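**Q**
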Amino acid sequence: MRRFLLRRVAHAAFLLLGVSLLAFFFSALAPGNYLDDLRLNPQMSSERFSALRAQYRVDQPVALRYFSWANALLHGDLGFSFAYNAPVAPLLWPRARNTLLLTTTATLLVWAIALPLGAWSAQHLGKPTDVALTWATSAFLIVPDLALALGLLVLAVRSGWLPTGGMVSVAFDEFSFAHKIRDLASHMVLPVIVLVASALPVLLRHVRAAVAEALDAPFLRAAEGQGIPRRRLLYRYALPAAAHPLIALFGFSLGTLLSGSLLVEVVMSWPGLGPFLLEAILARDVYVVIGGVLFSTLFLVAGNLAADLLLYWADPRIRTEAEAR
Amino acid sequence: MIRSRLPLCIAFLGTLHAVVACAGFFAPYDPVAQDREHPYAPPMRPHFVDAQGAWHLRPFVYPQALRTASFDQYQLDTTTPIPIRFFVRGVPYRVLGLLSSRAHLFGAGGSPLYLLGTDAYGRDIFSRILFGGQVSLLAGLLGAALTLSLGLSIGALAGFTGGWKDEVLMRAAELYLALPWIYLLFAMRAFLPLSVPPLKAFLLVVLVIAAVGWARPARLVRGIVLSVKERDFVRAARGFGASGPYLLRRHILPETSGVVLTQAAILVPQFVLAEMTLSFLGLGVPEPLPSWGNMLSCLQHYNVLVSYWWMYLPAVAMIPFFLGYLTLANLLQRSTGTAKIEEACGGV
Amino acid sequence: MEPLIRVENLVIRHTRQAFGGRASAFTAVDSVSFSISPGATLALVGESGSGKSSLARCLACLQPATSGGIWFEGRDLAALPEEKLRAVRPRLQLIFQDPAASLNPRWTVLRIVAEPLLIEGRSPALEREARAAQLLARVGITAEYLQSQPGELSGGQRQRVAIARALILQPALLILDEVLSALDCSVQAQIANLLVELQRAANLTYLFITHDLRMAAHLAGEIAVMSAGKIVEQGPAGKILRDPRSSQAQSLVQAAAPEAELVEAGSEP
């Protein structure tokens, strides 16, 4: 167990390190110096400017700069936002939390739908109900997130049933606790629908394929022959057997949802990483961009690590293999 | 079944692309021509029956004029129908940048004919969707071509030579796959110049898109190269004294054609969407050059979103393309048997 | 007479590097030595996993030797760099066990057989195809199959195509790696006869690798019995068949005997 875990954690660390390197050097390669832009800013005093120059060691070689930046990163310092004139980390945290709220909800929901629906579909493989379901989800597949988000927004605006943007109502602070939850939930409905709709078709297809393959396995055919009830067969035998490919999909679904979330947040003005990142790009606020990218990688890597643990717990083959090493 | 559906699907996609490629012929207007008298004009409906209830063989539209003291409310003038004429001479254009012509499929003489309405500057949405399709689809196609050649070369290099090169390249691919792809797209775009002329911006977008997507095709190609390299017929050719490039060109790369084609069918719509996303957010192709993405960006304004539903139409325009490409990808996946390979390489 | 090929203390060790794990090595071929005179046939007999195929691939220069020497026509192949090897390769050819795998399934028969000439790059396309067709006719593939793909042929026909391809560069040595074992009994006999015929006509030297002692004795004058990477017994074919010394050879003889009796019993009435 320790060994397996250590290997996975080391891999995660490698990914984070790699992404940080990639992001930093890309930013260093960028034409023009962001501090040069800053010099033109009348709000920036010349002392502040030279302090920043010293802090970011603009005159030093890139490698040295990376090390000082990475060192600060390890102490929780993500650099400085020029646009906000403030450290990046405290700016990033609340937005990351909002993105996480959206993404996690959508992830849970999409799996909660895809698992039973996919398993059901796999049982009725090729029957009209299965075909109808496949067609219905394909419809979601051909309508891209952007079109869906905008379309739902138009509907919401016209019908007035749901709030059409933001995360909470203006008077949120005055609400009671239950009211707050209700308010937040109603704001989440639209973005979560778009996210779920964007990730569901692919996920459903994979769940269906994995369960169908498991159901077709000889040991399950044998179990069926012994008269074990279908329902028990499906949930006690087929789903665990299909766990491996499914859990491997978990990381993928998280990545899709994070990506989708970025766009949806901008369209629905959800105060998450998406709009923040976009704003930072337009303002050439480099450390915010790097911070945002690192955050998204951290989410994804953490999600994959969780999937690995789940896999370890669910699949005895991995366990024995890991222990044998 | 697959054999018969594949040509059908290709014909469908081919037709769609041909229409977009010949946008100048099908579009009655120049995409950047403005008509300040008709901002936000709603779509004109072609009629066959006039106000008196009489039938006409030739479809016609009613002209609309701005109501006095309004900037977006139009009045329909049912007394003077404008007949739609086919195969007319109109504004000059070039087909695929080469052939210059003035022939248009339809037009209404000098009178305005906005089948899908106009935008804030009175530009014809129908024409802009067609011309915008050129930009968006070209970005997708070029991006896919670039990313596939990149993926193919990297995958072949990694799989064929093995050793430390393989290790380094595949670790790099892992890094690219570890990032949510829109974040990666953003990050790449973030460090490139922002305000640039349209053509340069377009090329930047294509480059960024291509640079983001190489990892998955590279991994798929590498997997195939690794397995084909160990097949006996490749060994046999080596036994005749064949060189590495020969083996790659004649024996190994042909085996990757199935995966490359399937990946192309998957990547093109994804990259069209990437272009749209970037342009929608103002990071891609700038005005006045139309692209499906930057045409939609006006919907970020609340009043446009609520008041002018036809501004949403560019989002609908891509749906048939997506349908075509996804069907194609599915059919290719089944007929070339690449679904299994892709699953084995972990992903979609 | 100077032997065509002389193998001395050949060792092939495979190392397997598991992802993130330790490398594990096992010895597939363990200090093997033998030699074959021009025009002769040596049969290498052993059970599966005894290192025969590793040896075959190594002799065909498709896999490096860990140590030892392979002297072929006066040169040590094990020490030759890749560029120089390319010149030697046409002189010794390997034919694989499964012709379905060793022929590119996308190519036509004619193109497959002409391929070595294409790689050699000396003759124009027309001449290449003419020679390929000629050779195909000699191994019994008629003109109607020239444009077929390997998938459309029977197993025996495919192996004939593979033989034709191996012969087109006029090699001195053919390494036949279980070339008969993927075929039906009756087809085996046909191909075996073809091999004998070709050997006589072109004075070919064969290294015949098999697990079938009967077939080995039928084709080869001399037999080497291989087990766990080592040659445990070597001698004239008749002697080994009659009087096997090592336990491995004895078990091979026993394994071959009842089957042979069955075939004989079946063919008698």
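Heads up: the protein sequence lines correspond to chains D, B and R, in order. If you're matching positions, the first sequence starts at 110 in our numbering and goes up one per residue. If you're matching positions, the second sequence starts at 33 in our numbering and goes up one per residue. If you're matching positions, the third sequence starts at 8 in our numbering and goes up one per residue. All residues carry an ideal CB built from backbone N, CA and C; glycine is no exception. These figures come from a predicted structure and were not determined experimentally.
Determine, using beta carbons only, whether M308 (chain B) comes closer than 8 Å to chain D.
**A** yes
**Q** Between which two residues does the beta strand (DSSP E) harbouring E240 (chain R) extend?
**A** K237 to P243
**Q** Whose Cβ in chain B lies nearer than 7 Å to the Cβ of R96 (chain R)?
**A** For a Cβ distance threshold of 7 Å, residue set G271, F272 and G273 of chain B lies close to R96 (chain R), ordered along the chain.
**Q** Using a Cβ-Cβ distance under 8 Å, would R117 (chain D) count as near chain B?
**A** no
**Q** Between which two residues does the beta strand (DSSP E) containing R117 (chain B) stretch?
**A** R117 to V127
**Q** Run down chain B in chain order and give the residues with a C-beta less than 7 Å from the C-beta of P123 (chain R).
**A** F272
**Q** In chain order, what residues of the same chain have a beta carbon less than 8 Å from the beta carbon of F385 (chain D), not counting five sequence neighbours either side?
**A** In chain order, L200, L201, R204, V397 and G401 place their CB closer than 8 Å to the CB of F385 (chain D), counting only its own chain and leaving out the 5 sequence neighbours on each side.
**Q** For the alpha helix (DSSP H) holding Q107 (chain B), just list the boundary residues, first then last.
**A** Per DSSP, Q107 (chain B) belongs to no alpha helix (DSSP H); it is in the beta strand (DSSP E), Y106 to L108.
**Q** Leaving out five residues on either side along the sequence, give the residues of the same chain with a beta carbon under 7 Å from the beta carbon of L259 (chain R).
**A** V52, L220 and V232
**Q** Looking only at C-alpha atoms, which of R:R172, R:Q164, R:L248 and R:C192 sits nearest to I102 (chain R)?
**A** Residue R:R172 holds the alpha-carbon nearest to the alpha-carbon of I102 (chain R) among R:R172, R:Q164, R:L248 and R:C192.
**Q** Any chance the stretch 367-381 of chain D sits against the stretch 179-194 of chain D, with 3 or more Cβ pairs inside 8 Å?
**A** Not touching, per the Cβ criterion.
**Q** Are the C-beta atoms of I126 (chain R) and some chain B residue less than 8 Å apart?
**A** For I126 (chain R), the closest Cβ of chain B is nearer than 8 Å.
**Q** Taking 8 Å as the threshold (C-beta atoms), are F119 (chain B) and A140 (chain B) in contact?
**A** no
**Q** Within the same chain, show all residues whose beta-carbon is closer than 8 Å to that of G163 (chain R), passing over the 5 residues directly before and after it, in chain order.
**A** L190, D191, V194, Q197 and I198
**Q** Around the Cβ of A376 (chain B), are there at least 16 other Cβ atoms within 10 angstroms (buried) or fewer (exposed)?
**A** Residue placement at A376 (chain B) is poorly supported in this model, since its pLDDT is 47, which falls under 50; the coordinates still yield a value, given next. Counting the other CB atoms within 10 Å of its CB gives A376 (chain B) a total below 16, which places it among the exposed residues.
**Q** By the criterion of Cβ-Cβ separation under 7 Å, what are the contact partners of R93 (chain R) in chain B?
**A** Chain B residues near R93 (chain R): G273.
**Q** Apart from the five residues on each side of it in sequence, which residues of its chain come closer than 7 Å, Cβ to Cβ, to I186 (chain B)?
**A** L201, W246 and A250
**Q** Entirely within the stretch 219-273 of chain D and at least 4 residues each: give me those alpha helix (DSSP H) ranges in chain order.
**A** 237-251 and 254-268
**Q** Can you pull out the residues from the stretch 253-269 of chain B whose beta carbon lies closer than 7 Å to at least one beta carbon of chain R?
**A** R263, D264, F265, R267, A268 and A269
**Q** Residues in the stretch 200-216 of chain B with C-beta within 9 Å of chain D's C-beta atoms, listed in sequence order?
**A** R203, A204, E206, L207, Y208, L209, A210, L211, P212, W213, I214, Y215 and L216
**Q** Check this for me: beta carbons of Y72 (chain B) and D151 (chain B), under 8 Å apart or not?
**A** yes
**Q** Contact defined as beta carbons within less than 8 Å: I believe A235 (chain R) pairs with S57 (chain R). What is the distance between those atoms, to the nearest angstrom?
**A** At roughly 6 Å, the Cβ-Cβ gap stays under 8 Å, so A235 (chain R) and S57 (chain R) are in contact.
**Q** Quick one: Cα of D37 (chain R) to Cα of I175 (chain R), how far?
**A** 33 Å
**Q** Does the beta carbon of C377 (chain B) come closer than 8 Å to any beta carbon on chain D?
**A** Unreliable positioning characterises C377 (chain B) in this predicted model, as indicated by a pLDDT of 44, which lies under 50. The coordinate reading is nonetheless provided below. No, no contact with chain D.
**Q** Give the C-beta separation of E69 (chain B) and L98 (chain B) to the nearest angstrom, bearing in mind that I take them to be a contact with Cβ-Cβ under 8 Å.
**A** 7 Å
**Q** Taking Cβ to Cβ, would you say S61 (chain R) is nearer than 8 Å to I119 (chain R)?
**A** no
**Q** Given a limit of 8 Å on CB to CB distance, which residues of the stretch 74-87 of chain R reach chain B?
**A** Answer set for the stretch 74-87 of chain R: empty.
**Q** Measure from the C-beta of L176 (chain R) to each C-beta in chain B and report whether the shortest distance is under 8 Å.
**A** yes
**Q** Identify, in the order they occur along the chain, each residue of the same chain with its Cβ nearer than 6 Å to the Cβ of Y258 (chain D), setting aside the five sequence neighbours on each side.
**A** According to the sequence as given, residue 258 (chain D) is Ala; it is not Tyr. Excluding sequence neighbours, A258 (chain D) sits near V303, V373 and V376.
**Q** Could you tell me which chain B residues have their CB closer than 7 Å to the CB of A67 (chain R), listed as they occur along the chain?
**A** G271
**Q** How long is the line joining the alpha carbons of Q66 (chain B) and S159 (chain B), rounded to whole angstroms?
**A** 12 Å
**Q** Three Cβ pairs or more, each shorter than 8 Å: is that satisfied between the stretch 278-288 of chain B and the stretch 262-270 of chain B?
**A** Taking one beta carbon from each stretch, the stretch 278-288 of chain B and the stretch 262-270 of chain B have 3 or more pairs nearer than 8 Å; the two touch.
**Q** Among the residues of its own chain, which have a CB less than 7 Å from the CB of G227 (chain D), if the five just before and after it don't count?
**A** L313, V316, R317 and V320
**Q** CB L255 (chain D) to CB T309 (chain B), shorter than 8 Å?
**A** yes
**Q** Considering only their Cβ atoms, is the gap separating R64 (chain R) from P106 (chain R) smaller than 8 Å?
**A** The Cβ atoms of P106 (chain R) and R64 (chain R) lie no closer than 8 Å to each other.
**Q** Within a Cβ cutoff of 6 Å, which residues of the same chain sit near L124 (chain D), ignoring the five residues on either side of it in sequence?
**A** Same-chain partners within the cutoff: V410.
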